[in-house]
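First residue of the sequence shown: 0, per numbering that gives the first Met the number 0; consecutive thereafter.
Heads up, the beta-carbon is just placed ideally off N, CA and C, and yes, glycines get one too.
Computed from a prediction, not measured in an experiment: that's the story for all the values here.
Some notes on the structure that comes next.
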Amino acid sequence: MIPLSFAQRRLWFLNKLEGPSTTYNMAGALRLRGPLDRTAMAAAITDVIGRHEPLRTVFPTVEGEPYQQVLGVDQAGVRLEISEPGPGGLTEAMHRAANHVFDLGADRPPFRATLLVAGPDEHVLMLVAHHIAGDGWSTAPLLRDVGRAYQARTGGREPDWEPLPVDYVDYALWQAEFLGRADDPGSVLAEQLAFWTGELEGAPECLALPTDRPRPPAATYRGDTVSLRVDADLHARLDGLARANEATMFMVLHAALAVLLSRWGAGQDIPVGSPLAGRTDEALNDLVGFFINTVVVRTDLSGDPTFADVLGRVRERVLAALENQDAPFEMVVEHLNPERSPARNPLFQVMLTLQNAPRDAEVIPGLKAEMEAVLTPTAKVDLSFTLTEEHGPGGLPAGLTGDLEYALDLFDKESAEALAGGLLQVLAAVVAAPDVPVGRLDLLTVDERRALLDLGQGEPATAGSDLVPELFAARAAAEPEATALVCGDVELSFGELARQVNRLARRLVAAGAGPGDPVAVLLPRSADSVVALLAVLTAGAMYVPVDASSPPERVRAMMADAAPMLVITTAGLAERADPGVRQLTLGSADAEAEPAGWPDGPVGTAERRARPAPSDPAYMIYTSGSTGRPKGVVATHRNLANLYAFLNGEIFEPAARQAGPRFKATLVSALSFDASWDMVLCLLAGHELHVLDDDVRRDARALIDYVRRREIDVVDVTPSFAEQLTEEGLLDERNQPSVLILGGEAVGAGLWERVARTEGLTAWNIYGPTECTVDSVIARIRGDRPILGRPLPGTRVYVLDEWLRPVPLGVPGALYVAGAQVTRGYWHRPDLTAGRFVADPFGAPGERMNRTGDLARWTRGGVLEFLGRADDQVKVRGFRIEPGEIAAVLAESPLVRTAAVAVRDGALVAYLVLTDGTADTGEVRRHAMAELPDYMVPSAFVPLDALPLTPNGKLDRDALPDPATSHVPTGRGPRDHQEEVLCGLFAELLGREPIGIDDDFFALGGHSLLVTKLVNQIRSDLGAELSVRAVFQAPTVAGLSAELAAARPARPALRPMTDPAMT
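Below is the structure:
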């Protein structure tokens, strides 16, 4: 039996894995004008099939192992098919022929030849093959031999061509002999595999390119193309650049593509696949066959290199790859054993091909022949750039033509066009400035840059001169009898609320509180907590909420940092406050008697130490800090007034029109969470605020009951809580709220879709860091895709690169916010403020912008899309958290040597190196619960021998294990007979014992061809039909055992069949 070549084996396996498809079709269309002899053409096609064995080769199997079987010409049964679709049906006929589906398990060779008759003197010869039978280089000898055979047959003779020096089967046998065995250290294969192991060590398994859709669990290989064209002038300049750097055109194109992908967010380590002709012996030049081998060229863009530097790096990598090109790609994959996924190609997802196969000028003697592209709607990888050099008289550069093939699973046509255009921009830029660092190349025109800045410009700010204290006083005076505040059994009208606020404000003023003075509020969740908030603002001081449910150490840390001149608290909480700070205690008999002596009318300007100015601090909210020390963000009265103006115009007024003149809103957030301001400010517009107690606001079922019982109109929650609420029925038709506001973290696609399709509901997604006064960007929730939306009035948002330049549409960048919502910065932390609040290069002199730490991009619809965090900061359940702060607290435990914290599936996970390997992680959890708020306590604690590190000595977060798998006991044995059989099959195929039911087939050395053997053995030994894909999706004995529970019975075995009528 003749084995398949290594390249053929991979295509054969993919055909078995995915099933017969057009993904690897190779289609050529030759338009022929002039009188054509159909009989001669049919004979010529038969002659060519006889000359080139791959056109009459099939691939049967023995015990799951494929081999090549070369059929005779008559046995192959491949003949020229003639069809007459006419001019009107020609295009469809060409498309149909090009997309013929080949089954490599069939008994007919994967090659078809069809002559389409468009008219008496116009034909199209369609030659279509599966790639297992040929490659791009095969086109020239194939067409040349068709032409020679046709010429001979029209003359009434057989073609008298020179015999081929070797056949493809000779190549397959020679390749196996030449390469040797991978386990022979002295073999060519072992040496080259060792090279590729070092070359690709640590390379990204999946290039982090932004896509228009999430990657599906399994690729469909549906694709499309957009065209590429480099004009002759640019081609000539690129040719000169290549010569000046002792490089080739391919190297220049590869370096430019790496720059493009990096600038599109793929990072600084860019692996790109490229096919090599594989015809390393001239004896192969005239053969039809599949000789191509794919190599991975990895480009390093670290260190801010110039393009000349990058080109030099690419040159060295390409030359090294050429020296090691004999190792088949599929063997490299099996040797490196990267994580397999049916969703993507292993080792690379982007390809670059520079076509340089020879092309004959006169293909069919006596006829005018012209090659036409016939595209199959497939994509083998995510992105595939294919270019062909054109040359004019004297070999002068005449341009490059080609296309970008893209996967429809991931990309829209507009994105593919932008990538294609981006490559042309990079090529033009690097030719003009090869000695400029590639990160600083400007890839935008002046008009494009202006358009991007205009996208991020919000409408003019609408806030008037009145600040929150004046706005509240005016509302209370206008509607004193209307209900303002409800909290449990307490219900206050605007008049009652204002009187309590004014009395408490006067007490604060009398205590010396005024503009800039921090006043801490340490109160249980109650009506008093809202009274205190408004009273501090009315007094002109700075409101500092302190969550009474936080651990005592955190409360003391915030108190020490804020250094308040006074703290408003209760007798029950007084001991939690700093004993050195003056206290104003609410709730005691003396405290309740004292306010009666204070006037309750509006607080006049003369009564205050000074009237608060728009630039004075209004409040300070503490957020997580990376050193374990929380940091306070200080917002001004102007910030707050602008926030109210936006909320009132965009949300409150429309909600009031929908619900009636006044609506009811719930305050679900903690008052120490900046998002609480969105609902508190609805009081200024005259609406009714319901402050939910902790038992209600934290219980989805109780909250829904409250909303229905009290007929609440507006609900504002985090997306995580909204998921629970919708599951419990918040959006059912019965008494659902009319307005839903989501904020604090990213909205998932499922929740977005569920909310968007709810009739009668107006829903908003609001984005904004604490440093930018709660809200910066807003989107109405509709359509099927989550977005951030557009900036608030008075706000500017930018998506910038590391040099603070706008990035192109669709390209990820760092998100910055400028304008009216930007706060003062961090309380007494000038170093942190300088790092996060930087000069706005697009604003007026002295204006600042906030570096949010988030990644985003502008969509082609002109709205922002959130892409995640640029740093280690995360959001969990709407709370912004620095994992470093949690790790610092965990490391304070005497049981912990070092710790790291990460987010897995939306939950915090702590990874611990314990001082005593047998220590109980439960003790560490209890330590965390005593020191951290509940939302910062990790959900899982995973002990490790050591934290994984990168080569640079930094924590390797990608290598932190899944908490679920880290708790699975190792070495579980089979639990029943079926699992015993499967363990035996694993051991037999992998040559390893013992096998546990949780051992991964691929991690133990399994590869694609062993998968087919495993499937065959399961069919034979267990009588069940399991797909190859099932092994990829569940590569353990336990997983396959579960798959077998739903598997269909094995197909009947082949047996002699005797028809009595024939005997």
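Is residue i helix, strand or coil by DSSP?
i: Gln820; result: coil
i: Leu691; result: coil
i: Gly905; result: coil
i: Lys367; result: strand
i: Trp136; result: helix
i: Lys1012; result: helix
i: Ser20; result: strand
i: His122; result: strand
i: Ala97; result: helix
i: Tyr1067; result: This structure cannot settle anything about residue 1067, because the visible part of the chain is limited to 0 through 1062.
i: Tyr643; result: helix
i: Pro942; result: strand
i: Ser528; result: helix
i: Gly600; result: coil
i: Thr949; result: Model confidence at Thr949 stands at a pLDDT of 49, short of 50, so the residue's coordinates are unreliable; what they give is reported in the following sentence. Coil, per DSSP.
i: Gly27; result: strand
i: Gly983; result: helix
i: Ala576; result: coil
i: Pro448; result: The residue you asked about is not Pro; residue 448 is Arg in the sequence shown. Three-state result, Arg448: helix.
i: Met1071; result: Outside the modelled stretch of the chain, which goes from 0 to 1062, sits residue 1071, for which no answer is possible.
Residue i lies in the alpha helix (DSSP H); which residues open and close that run?
i: His390; result: Here His390 belongs to no alpha helix (DSSP H); instead the beta strand (DSSP E) covers Leu382 to His390.
i: Glu1042; result: Val1036 to Leu1043
i: Phe306; result: Phe306 to Glu322
i: Gly421; result: Lys412 to Ala431
i: Ser273; result: Element bounds for Ser273: not the alpha helix (DSSP H) but the beta strand (DSSP E), Asp268 to Leu275.
i: Pro551; result: Pro551 to Ala561
i: Thr38; result: Arg37 to Arg50
Need the endpoints of the beta strand (DSSP E) that residue i sits in, please.
i: Ser82; result: Leu79 to Ser82
i: Gly852; result: Arg847 to Trp857
i: Ala617; result: Pro616 to Thr622
i: Ser492; result: Val489 to Ser492
i: Phe1000; result: From DSSP, Phe1000 is part of no beta strand (DSSP E); its letter is neither H nor E.
i: Phe865; result: Leu863 to Arg868
i: Asp715; result: Val713 to Val716
i: Trp195; result: Not the beta strand (DSSP E): Trp195 falls in the alpha helix (DSSP H), residues Val187 to Glu198.
Would residue i and residue j be called neighbours here (beta carbons separated by less than 9 Å)?
i: Arg784; j: Gly861; result: no
i: Ala701; j: Asp694; result: yes
i: Ala431; j: His334; result: no
i: Phe145; j: Leu124; result: First, the amino acid is wrong: residue 145 is Val here, not Phe. Going by C-beta atoms, Val145 is nearer than 9 Å to Leu124.
i: Leu988; j: Ala939; result: no
i: Ile740; j: Val773; result: no
i: Leu866; j: Pro811; result: yes
i: Ser892; j: Val923; result: yes
i: Arg575; j: Pro598; result: no
i: Leu199; j: Val187; result: no
i: Leu321; j: Val165; result: no
i: Asp268; j: Leu300; result: yes
i: Ala231; j: Ala428; result: no
i: Leu1013; j: Val1030; result: yes
Whose C-beta lies closer than 7 Å to the C-beta of residue i among residues of the same chain, with five residues either side of it excluded?
i: Pro357; result: Note that Pro357 scores 49 on pLDDT, short of 50, meaning its location in the model is unreliable and no value can be drawn from it.
i: Met40; result: Leu79, Leu114 and Tyr149
i: Ala265; result: Leu206, Ala207 and Leu208
i: Val362; result: Leu29, Leu142, Gly146 and Ala368
i: Pro805; result: Leu443, Arg448, Leu451, Leu452, Tyr797, Val798 and Leu799
Which residues in the same chain have their Cβ closer than 6 Å to the Cβ of residue i, if we skip the five residues on either side of it in sequence?
i: Gly272; result: Thr293, Val295, Phe347 and Met350
i: Ala1045; result: none
i: Val1036; result: Glu978, Leu981, Cys982 and Ile996
i: Asp211; result: Phe410, Asp411 and Ser414
Report yes or no: is there a C-beta of chain D within less than 9 Å of the C-beta of residue i?
i: Ala674; result: Protein chains in the displayed structure number just one, and chain D is not present.
Have a look at the DSSP bridge pairing and note the partners of residue i.
i: Ala128; result: Met25 and Phe110
i: Phe289; result: Phe289 is not bridged to any residue.
i: Thr897; result: Val912
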